Amino acid sequence: MFESLTDKLNSVFSKLKSRGKLSEKDIKSGLREIRLALLEADVNYKIVKDFIKSVEIKSLGERVQKSLTPGQQIVKIVNEELVQLMTCDVEEKPLPKNRTSKLLIVGLQGSGKTTACGKLALHYKKNGYEPILVAADVYRPAAIKQLEMLGKSIDIPVYTEDTTKVTRIAKGALKYAAKEFRNLVIFDTAGRLHVDEKMMEEVEDLAKVISPDQILYVADAMTGQDAVNSAKEFNERLDLTGIILTKLDGDARGGAALSVRAVTGKPISFVSVGEKLSDLEAFHPDRIASRILGMGDMLTLIEKAEAVFEEDEAEKLQKKLQKNLFTLDDFLDQLRKMQNMGPMDEILKMLPGSNSKLMKNIKVDENEIKHIEAIILAMTLKEREHPDIINGSRRHRIAQGSGTSLQRVNQLLKQFDQMKKMMKRFSKGHFDMGKQMFPM
Amino acid sequence: MSIVSSLKKKLAKTHNSFIKRLAEIVQLSGRVDEELIEDIEDILIQADLGVSITGKITSRLEEQIRLQKLSKTEQVYKALENIIITILHDEYKDVDAIDFNPEEKPYVLLFIGVNGVGKTTTIAKCAQRFKNNGKKVLLVAGDTFRAAAIEQLEIWAKRIGVTIIGQEYGSDPSSVIFNAMQSAKAQSYDVVLIDTAGRLHTKINLMRELEKIKRTIQKHISDAPHQVLLVVDATTGQNGVQQAKKFLESIPIDGIILTKLDGTAKGGVALGIKDSLQIPIKAIGVGEQIDDLKDFDATEFVKAIFE
Chain A
257 MFESLTDKLN
267 SVFSKLKSRG
277 KLSEKDIKSG
287 LREIRLALLE
297 ADVNYKIVKD
307 FIKSVEIKSL
317 GERVQKSLTP
327 GQQIVKIVNE
337 ELVQLMTCDV
347 EEKPLPKNRT
357 SKLLIVGLQG
367 SGKTTACGKL
377 ALHYKKNGYE
387 PILVAADVYR
397 PAAIKQLEML
407 GKSIDIPVYT
417 EDTTKVTRIA
427 KGALKYAAKE
437 FRNLVIFDTA
447 GRLHVDEKMM
457 EEVEDLAKVI
467 SPDQILYVAD
477 AMTGQDAVNS
487 AKEFNERLDL
497 TGIILTKLDG
507 DARGGAALSV
517 RAVTGKPISF
527 VSVGEKLSDL
537 EAFHPDRIAS
547 RILGMGDMLT
557 LIEKAEAVFE
567 EDEAEKLQKK
577 LQKNLFTLDD
587 FLDQLRKMQN
597 MGPMDEILKM
607 LPGSNSKLMK
617 NIKVDENEIK
627 HIEAIILAMT
637 LKEREHPDII
647 NGSRRHRIAQ
657 GSGTSLQRVN
667 QLLKQFDQMK
677 KMMKRFSKGH
687 FDMGKQMFPM
Chain B
300 MSIVSSLKKK
310 LAKTHNSFIK
320 RLAEIVQLSG
330 RVDEELIEDI
340 EDILIQADLG
350 VSITGKITSR
360 LEEQIRLQKL
370 SKTEQVYKAL
380 ENIIITILHD
390 EYKDVDAIDF
400 NPEEKPYVLL
410 FIGVNGVGKT
420 TTIAKCAQRF
430 KNNGKKVLLV
440 AGDTFRAAAI
450 EQLEIWAKRI
460 GVTIIGQEYG
470 SDPSSVIFNA
480 MQSAKAQSYD
490 VVLIDTAGRL
500 HTKINLMREL
510 EKIKRTIQKH
520 ISDAPHQVLL
530 VVDATTGQNG
540 VQQAKKFLES
550 IPIDGIILTK
560 LDGTAKGGVA
570 LGIKDSLQIP
580 IKAIGVGEQI
590 DDLKDFDATE
600 FVKAIFE
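Read top to bottom, the protein sequences are chains A and B.
Its first residue numbered 257, the first sequence is counted upward by one per residue in our numbering.
Its first residue numbered 300, the second sequence is counted upward by one per residue in our numbering.
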C-alpha cells in the first residue's frame, strides 16, 4: 500500500547516502523531497509541515552531523517519527465479556461500515464473544438487507426493526441482546457527511441512547486531504475510541492513516485488507512504518505463514529440500498453502525489497495458479515424484489432460526446476527472493 | 433553480473558506514572497490537486506576479483564478456532457469504479434523467458480489419506475449482462444502464472481468458500450489517478462522474486524472436526492469555486 512513498524516500536517501557527509543544504533538499512524497501520499499538508519540521531539527542536530552515515541517520529519524505519529499511548480497553458490550460504527458514505461490521462480528465471535448485529442504517436502499446477508453468512443474528427512528431500533436491540444473553452488540449506522447537521445530530442521539463501550470511525485508506475534516468533526461530536482503516488492499499510499490518526489522537484499532469477512487485521504502526521505508513487512508475513504451516511439516520440507527430494506434489501443496495465506500479490508486497522495480513488474495472476494445479493433477503419481521421466509424449498427454498447452507444461517443468534450485539456496540461508519464482 | 446557482449554493462553503484563507494569507504577510507561494501551494494541495498540477499553477502564478508586479491580495487572487480557469478551459473545450437524449438505441452505459464511490446511486440518478426525457430505461444488476447490491438497485428501479434485470448472487456478471442485452434488443429499450461490482484496481482478476463484460456487450451491439463511466468519490486522494490508470488498462473510459461533492472535499484529483490521462469529468453528484446529478461544466465549476 505504501510502495510509491517508499520508492520516493528510497531515491531521496540513495542520493543522500551516496554523498557520505551532508551539508545543511543537502538535508533541506532531501527534506523537500520527503515533503512532496508525503503530500503525494495524501498525508494532510499541515501534518506534513509539522513532520518535516521535527525531522529537520533532529537532522540538523549533532547526531546526524557527527555520524559517518548521515543518510542512514535520517532514514532512522524519519522512521522513528513515522512510528511515533502512528503510535497511540492510550491503552485500548478490551470489551468486557461478562455483560453486554456495545460497539458503535460510524463514518462517511461508502467507507465500508457495513462490511466492517460483518468483519468485527466474525473477529469477536472467533475470540469467544456472542455478538449480534444491529441494522441502524435506515436510509440507504437495501442497507438492512446487506447486513442481514452478511450476518447469515457468518451465522450471527441481525436485529432489525421497521422504523426510521434509530434510537427506537437501538433500544429494541439492547432488550433483545439482554433476553438472548448476547454479550456484544454491534451497531451499523448510515453513512453521513460530517457537514450534515441533521444526520450528525441523529448519530449523537443514538450514542446517548446506547452509551457504547467503543465508537469506531471507519476511514477509507484512499481518502485525500479531506480525511482530516471529516475525522475531526466525527471525533468532536462523538469522542471516538478508535479507527478502522479500510481498503488497504488497494495501492493507495495511505497517507490518510497518518492524517486521521493525528487529527483525532485516537488509535487505529483495525485495518481491513480484503473483501472476505476474515480480512481484518490488527494495526501495527512499526510494521507499517518499516513498510514505508522499504524494509518490508516481514512480521506480518511470518505470522501468516505460522498460521498456515505446521512446524514439524516445515521441518520435513526443509529435509526434503536439502536432500533434493522436493516433488511436484510438494510444490502443489506449498502453492495451495501460500494461497491460503491470502492474495499472492499482498504476500509479495510484504517481502523486503519488494518495492524495487523488479518486483513491481511481477503480476501474480491467481488464475495462473489454477493452471499449474491442473497441470500437476494431470500427471501420474510417478511423474510428480520424478519429473525427469516426463518425455515428449508424456508432455502431450499432460497438456491435453489438463486442458492447457504444451508450452505451459514445459514452462511449469522449467519453473519447477528453477524453483528447486532456488529453494535449495533458501534452505542454506540465502534469502534471495527473486523473479524466478513467479515469472508468469 | 439554474444549474449555476444551485452549484454555487452547493459549493458556497468551499468557496468562502478558500477566499477567506487566501485573503488572510496575503494580508498577513502583506507582500508577495516565497512563503506566500508556499501557502497558496498548501491551499491547492488541500483541494487534492496533487503536487504536479499545484506546481504548474504556482509557477505560472509566480511568473505573473513577477512580470506584472502584483502586490495586492485581490490581484494575486484574480491572477490565480484566471490561471486555473484558463487551464481548465483549454482542457475542456472539446468535451461533451453525457447525452441524456441519445438517438442510438439501445444506448448502453457501463458504470465502473472502486468500492463505495456511489455507483448504484449514480445509476439511479442517471436513470431518472433518461426517464425525464421519455426514454424506456433498463437497469442491469451486474453487481452479483456485494451483499444486497441487487436489492439496492431494485429499490431504486421501483422508485423511478423503470425495469431491472438481475440474477442471483454469485452468478457471472457477464451472463446477467448477456441476458439483459438480449431483452434490451427484443423489447426495444432505449437506454441500458449497467451496474458493476466495486473493484479495487489492483485486483487483476476483477479487471479481467471488466474486459469480459465489454466483450459480452459487444456480442450484441458491436459499438457498445456507448459510454463507459468511471465513478470517482470526491474525497479520493492522489490514488484516484492510479485507479483511473489501472481501469483504463482494461477498458476505454469516456468520462468520470465525480460524486459526493456536497461535503467539504473538493475533488481536485479529477483534474489530475484529466491532466495525466485525458479522461474528462462529465457529471458531478451533489447530494443524495435523485435529481442531484449535474452536468459538469468547467467554467461554471471553477467560477463557483472562485467567483
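The beta-carbon is built from N, C-alpha and C at its ideal position, and this holds for glycine as well.
Note that the structure is predicted; figures quoted are calculated from it, not measured.
- Of all C-beta pairs linking the stretch 523 to 539 of chain B to the stretch 472 to 485 of chain A, three or more are shorter than 8 Å, placing the two stretches in contact.
- Taken in chain order, the complete beta strand (DSSP E) segments of 3 or more residues contained in the stretch 518 to 557 of chain B are 526 to 532.
- At a cut-off of 9 Å between beta-carbon atoms, A447/B makes contact with chain A.
- For N383/A, no CB of chain B lies under 9 Å from its own CB, so it is not counted at the interface with that chain.
- In the assembly as shown, G510/A is a buried residue. Its beta-carbon has 16 or more other beta-carbons within 10 Å.
- Spatial neighbours of A569/B in its own chain (CB-CB distance under 8 Å, excluding positions within 5 residues in sequence) are listed in chain order as V531, A533, G539, I555, L557, I580.
- Using a 10 angstroms sphere on the CB of D495/A, the tally of other CB atoms stays under 16, which defines it as exposed.
- Using a CB distance cut-off of 9 Å, K401/A counts as an interface residue toward chain B.
- Beta-bridge partners assigned by DSSP to Y415/A: V390/A.
- In the DSSP assignment, L560/B falls outside any alpha helix (DSSP H), carrying neither H nor E.
- For V568/B, a Cβ of chain A is located within less than 9 Å of the residue's own Cβ.
- Short of 6 Å from the beta carbon of F582/A, and not among the five residues preceding or following it, lie these beta carbons of its own chain, in chain order: K576, K676.
- Within the same chain, and ignoring the five residues on either side of G415/B in sequence, the residues whose Cβ sits closer than 8 Å to its Cβ are G497, D532.
- L588/A and E641/A have their alpha carbons spaced roughly 12 Å apart.
- Cβ-Cβ separation between I463/B and E453/B: approximately 6 Å, consistent with a contact (criterion under 8 Å).
- E337/B carries a helical assignment under DSSP once its states are collapsed to helix, strand and coil.
- Between the C-alpha atoms of D389/B and I572/B there is a straight-line separation of about 15 Å.
- Secondary structure note for G363/A: its beta strand (DSSP E) is the uninterrupted segment 357 to 363.
- Using a Cβ distance threshold of 9 Å, I361/A and L378/A do not count as a contacting pair.
- The Cβ atoms of L528/B and F429/B do not sit closer than 9 Å to each other.
- Under DSSP, T495/B takes part in a beta bridge, and its partners are G441/B.
- In the three-state DSSP reduction, F307/A falls in the helix class (H, G or I).
- Looking at the DSSP output, S528/A bridges to L536/A.
- Distance from the CA of S534/A to the CA of L560/B, rounded to the nearest whole angstrom, comes to 33 Å.
- The contact set of V350/B on chain A, defined by CB atoms closer than 7 Å, consists of L292, L295, E296 in chain order.
- Using beta-carbon distances, E457/A does not count as an interface residue toward chain B, since no partner is under 9 Å.
- Listed along chain B, no residue sits closer than 8 Å to L496/A by beta-carbon distance, the nearest being about 18 Å off.
- A residue is called buried once 16 or more other Cβ atoms fall within 10 Å of its Cβ, and N485/A is buried on that count.
- Residue nearest to I364/B within the set K377/B, I352/B, L438/B is K377/B (criterion: CA-CA distance).
- Partner residues in the beta bridge of G498/A, as assigned by DSSP, are L472/A.
- For A533/B, the nearest CB of chain A lies under 9 Å from its own CB, placing it at the interface with that chain.
- DSSP, reduced to helix, strand and coil, places G584/B within a strand of the structure shown.
- Taking the Cα of I283/A as reference, the smallest distance to any Cα among E296/A, D298/A, K302/A, I313/A is reached at I313/A.
- Using a 10 angstroms sphere on the CB of A485/B, the tally of other CB atoms stays under 16, which defines it as exposed.
- The Cβ of R664/A sits no closer than 9 Å to any Cβ of chain B.
- With a threshold of 9 Å between beta carbons, H500/B makes contact with chain A.
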